[in-house]
Amino acid sequence: MDARLQQRRVAEAWTGWAQANPIMAAAAVVAIAGAATILGALFFQHGLGLRPCPLCLEQRYPYYFAIPLAVFILLGESVGSRRRILLAALVVIAALMLWNTGLAGYHAGVEWKWWPGPNTCGGEPDLGTGGNLLKQLQSVNVVRCDEAAWRFLGLSLAGYNVLISLALAAVAAWGFLAGRKLPPRQQE
(Lines of atoms letter the chains of each structure in order from A and count residues from 1; the text may use other names and numbers.)
(Lines give C-alpha, C1' and ligand atoms only; values in the text may rest on other atoms or scores of the structure.)
Protein backbone atom coordinates (compact mmCIF):
# COMPACT_ATOMS: atom_id res chain seq x y z
CA MET A 1 0.00 0.00 0.00
CA ASP A 2 1.28 3.45 -0.86
CA ALA A 3 2.47 5.34 2.24
CA ARG A 4 0.59 8.49 1.23
CA LEU A 5 -2.66 6.58 0.83
CA GLN A 6 -2.19 4.97 4.22
CA GLN A 7 -1.46 8.36 5.84
CA ARG A 8 -4.57 9.78 4.21
CA ARG A 9 -6.72 6.93 5.53
CA VAL A 10 -5.35 7.37 9.04
CA ALA A 11 -6.01 11.12 8.87
CA GLU A 12 -9.57 10.53 7.63
CA ALA A 13 -10.21 7.97 10.37
CA TRP A 14 -8.87 10.35 13.05
CA THR A 15 -10.90 13.26 11.67
CA GLY A 16 -14.07 11.17 11.61
CA TRP A 17 -13.51 9.95 15.15
CA ALA A 18 -12.70 13.47 16.39
CA GLN A 19 -15.88 14.88 14.84
CA ALA A 20 -17.96 12.14 16.44
CA ASN A 21 -16.17 12.44 19.82
CA PRO A 22 -14.99 16.06 20.12
CA ILE A 23 -14.77 16.05 23.91
CA MET A 24 -12.51 13.00 23.97
CA ALA A 25 -10.50 14.22 20.99
CA ALA A 26 -9.84 17.62 22.56
CA ALA A 27 -8.93 16.06 25.91
CA ALA A 28 -6.59 13.56 24.23
CA VAL A 29 -4.81 16.30 22.27
CA VAL A 30 -4.43 18.46 25.39
CA ALA A 31 -3.14 15.54 27.48
CA ILE A 32 -0.66 14.32 24.85
CA ALA A 33 0.58 17.71 23.64
CA GLY A 34 0.69 19.08 27.19
CA ALA A 35 2.71 16.10 28.42
CA ALA A 36 5.07 16.42 25.44
CA THR A 37 5.55 20.11 26.23
CA ILE A 38 6.37 19.48 29.89
CA LEU A 39 8.66 16.57 29.00
CA GLY A 40 10.41 18.84 26.50
CA ALA A 41 10.88 21.53 29.14
CA LEU A 42 12.27 18.97 31.57
CA PHE A 43 14.63 17.67 28.86
CA PHE A 44 15.92 21.18 28.22
CA GLN A 45 16.36 21.66 31.98
CA HIS A 46 17.89 18.34 33.02
CA GLY A 47 19.23 16.94 29.76
CA LEU A 48 20.72 20.09 28.25
CA GLY A 49 21.36 21.99 31.47
CA LEU A 50 19.26 25.07 30.60
CA ARG A 51 18.11 26.28 34.00
CA PRO A 52 14.63 27.81 34.05
CA CYS A 53 13.97 31.28 35.39
CA PRO A 54 11.05 32.01 37.74
CA LEU A 55 8.77 32.96 34.81
CA CYS A 56 9.68 29.73 33.01
CA LEU A 57 8.69 27.72 36.06
CA GLU A 58 5.44 29.67 36.46
CA GLN A 59 4.49 28.81 32.87
CA ARG A 60 4.50 25.12 33.76
CA TYR A 61 1.69 25.37 36.32
CA PRO A 62 -1.18 25.55 33.80
CA TYR A 63 0.13 22.33 32.25
CA TYR A 64 0.32 20.69 35.67
CA PHE A 65 -3.41 21.39 36.06
CA ALA A 66 -4.54 20.90 32.45
CA ILE A 67 -2.92 17.50 31.84
CA PRO A 68 -4.58 15.66 34.75
CA LEU A 69 -7.84 17.48 34.06
CA ALA A 70 -7.70 16.29 30.43
CA VAL A 71 -7.07 12.73 31.63
CA PHE A 72 -10.08 13.02 33.95
CA ILE A 73 -12.16 14.23 31.00
CA LEU A 74 -11.08 11.17 29.02
CA LEU A 75 -11.99 8.89 31.92
CA GLY A 76 -15.25 10.72 32.54
CA GLU A 77 -16.30 10.54 28.91
CA SER A 78 -15.44 6.84 28.74
CA VAL A 79 -17.68 6.03 31.74
CA GLY A 80 -20.52 8.32 30.67
CA SER A 81 -20.13 11.19 33.13
CA ARG A 82 -22.39 14.20 32.82
CA ARG A 83 -21.50 16.12 29.72
CA ARG A 84 -21.94 19.49 31.43
CA ILE A 85 -19.12 18.66 33.84
CA LEU A 86 -16.84 17.54 31.02
CA LEU A 87 -17.62 20.67 29.02
CA ALA A 88 -16.95 22.85 32.06
CA ALA A 89 -13.58 21.13 32.46
CA LEU A 90 -12.74 21.97 28.83
CA VAL A 91 -13.58 25.62 29.56
CA VAL A 92 -11.21 25.52 32.54
CA ILE A 93 -8.46 24.09 30.32
CA ALA A 94 -9.07 26.75 27.66
CA ALA A 95 -8.92 29.49 30.32
CA LEU A 96 -5.70 28.07 31.82
CA MET A 97 -4.05 27.90 28.41
CA LEU A 98 -5.17 31.42 27.48
CA TRP A 99 -3.74 32.72 30.75
CA ASN A 100 -0.53 30.84 29.99
CA THR A 101 -0.45 32.35 26.49
CA GLY A 102 -0.49 35.80 28.09
CA LEU A 103 2.17 34.86 30.64
CA ALA A 104 4.43 33.37 27.97
CA GLY A 105 3.87 36.42 25.76
CA TYR A 106 4.84 38.65 28.67
CA HIS A 107 7.96 36.55 29.22
CA ALA A 108 8.90 36.67 25.54
CA GLY A 109 8.50 40.46 25.66
CA VAL A 110 10.80 40.61 28.67
CA GLU A 111 13.36 38.55 26.74
CA TRP A 112 13.15 40.95 23.78
CA LYS A 113 13.51 43.89 26.23
CA TRP A 114 10.12 45.32 25.22
CA TRP A 115 9.23 45.81 28.89
CA PRO A 116 10.84 45.09 32.26
CA GLY A 117 10.40 41.77 33.99
CA PRO A 118 9.48 41.17 37.60
CA ASN A 119 12.04 41.80 40.34
CA THR A 120 12.26 38.06 41.04
CA CYS A 121 13.90 37.59 37.63
CA GLY A 122 17.36 38.97 38.14
CA GLY A 123 16.58 42.04 40.22
CA GLU A 124 18.64 43.19 43.15
CA PRO A 125 19.19 40.32 45.58
CA ASP A 126 18.32 40.86 49.23
CA LEU A 127 21.67 40.42 50.93
CA GLY A 128 20.53 41.29 54.42
CA THR A 129 22.73 43.33 56.70
CA GLY A 130 26.53 43.28 57.10
CA GLY A 131 28.51 40.40 58.52
CA ASN A 132 28.49 37.67 55.90
CA LEU A 133 28.14 39.86 52.80
CA LEU A 134 30.86 38.14 50.75
CA LYS A 135 29.48 34.66 51.49
CA GLN A 136 25.97 35.80 50.58
CA LEU A 137 27.19 37.38 47.33
CA GLN A 138 28.94 34.16 46.34
CA SER A 139 25.84 32.07 47.00
CA VAL A 140 23.45 34.22 44.92
CA ASN A 141 22.47 32.23 41.84
CA VAL A 142 19.82 34.03 39.81
CA VAL A 143 18.57 32.90 36.41
CA ARG A 144 17.59 36.03 34.52
CA CYS A 145 14.20 36.19 32.81
CA ASP A 146 15.34 38.80 30.31
CA GLU A 147 17.93 36.56 28.65
CA ALA A 148 16.67 33.73 26.45
CA ALA A 149 18.74 30.64 27.17
CA TRP A 150 17.94 29.13 23.75
CA ARG A 151 16.38 30.22 20.47
CA PHE A 152 15.33 28.34 17.35
CA LEU A 153 14.09 30.18 14.27
CA GLY A 154 14.15 33.38 16.30
CA LEU A 155 11.81 32.13 19.02
CA SER A 156 12.75 31.33 22.59
CA LEU A 157 11.10 28.62 24.65
CA ALA A 158 8.70 31.28 25.97
CA GLY A 159 7.82 32.17 22.37
CA TYR A 160 7.10 28.55 21.54
CA ASN A 161 5.02 28.29 24.69
CA VAL A 162 2.87 31.17 23.39
CA LEU A 163 2.12 29.14 20.26
CA ILE A 164 1.58 25.83 22.07
CA SER A 165 -0.64 27.32 24.79
CA LEU A 166 -2.72 29.21 22.24
CA ALA A 167 -3.14 26.04 20.17
CA LEU A 168 -4.20 24.03 23.23
CA ALA A 169 -6.67 26.75 24.23
CA ALA A 170 -8.13 26.60 20.71
CA VAL A 171 -8.38 22.80 20.86
CA ALA A 172 -10.14 22.93 24.23
CA ALA A 173 -12.51 25.63 22.96
CA TRP A 174 -13.26 23.56 19.85
CA GLY A 175 -13.96 20.52 22.04
CA PHE A 176 -16.35 22.60 24.14
CA LEU A 177 -18.19 24.13 21.18
CA ALA A 178 -18.44 20.88 19.22
CA GLY A 179 -19.32 18.92 22.37
CA ARG A 180 -22.27 21.23 23.06
CA LYS A 181 -23.76 20.25 19.70
CA LEU A 182 -23.74 16.52 20.44
CA PRO A 183 -27.11 14.88 21.01
CA PRO A 184 -27.89 14.20 24.69
CA ARG A 185 -27.04 10.81 26.13
CA GLN A 186 -29.80 8.46 27.23
CA GLN A 187 -29.18 8.88 30.98
CA GLU A 188 -28.83 12.69 30.88
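Numbering (my numbering), first residue to last: 868 to 1055.
Virtual Cβ for every residue (Gly too), placed ideally from N, Cα, C.
Note that the structure is predicted; figures quoted are calculated from it, not measured.
Checklist entry - Per DSSP, what kind of secondary structure is R927 in: helix, strand or coil? => result coil
Item to check | Length of the line joining the Cα atoms of E925 and I940 | outcome: 24 Å
Next on the checklist: Do A971 and V896 have their beta-carbon atoms positioned less than 8 Å apart in this structure?
Outcome noted: no
Item to check | Selected residue, minimal CA-CA separation from A892, among W982, L942, R871, W1017 | outcome: L942
Next on the checklist: Run through the DSSP bridge pairs and tell me what F1019 is partnered with.
Outcome noted: L1022
Next on the checklist: Between which residues of its own chain and L830 is the CB-CB distance below 7 Å, once the five residues before and five after are set aside?
Outcome noted: For residue 830 there is no data in the structure shown, the boundaries of the chain being 868 and 1055.
Checklist entry - Which same chain residues, not among the five before or five after R1047, have their C-beta less than 7 Å away from its C-beta? => result L954
Checklist entry - Could you give the C-beta distance for N905 and R927, rounded to a whole number, given that I count them as a contact under 8 Å? => result In the sequence under discussion, the amino acid at residue 905 is Ile, which differs from the Asn named in the question. About 6 Å; that satisfies the 8 Å criterion.
Next on the checklist: Tell me which residue opens and which closes the alpha helix (DSSP H) that T968 is part of.
Outcome noted: 950-978
Next on the checklist: Does R918 come out as helix, strand or coil in the three-state DSSP assignment?
Outcome noted: coil
Next on the checklist: Alpha carbons only, please: which of L1049, S1023, A1039 is nearest the one belonging to G976?
Outcome noted: S1023
Next on the checklist: Between which residues of its own chain and A1045 is the CB-CB distance below 7 Å, once the five residues before and five after are set aside?
Outcome noted: P889
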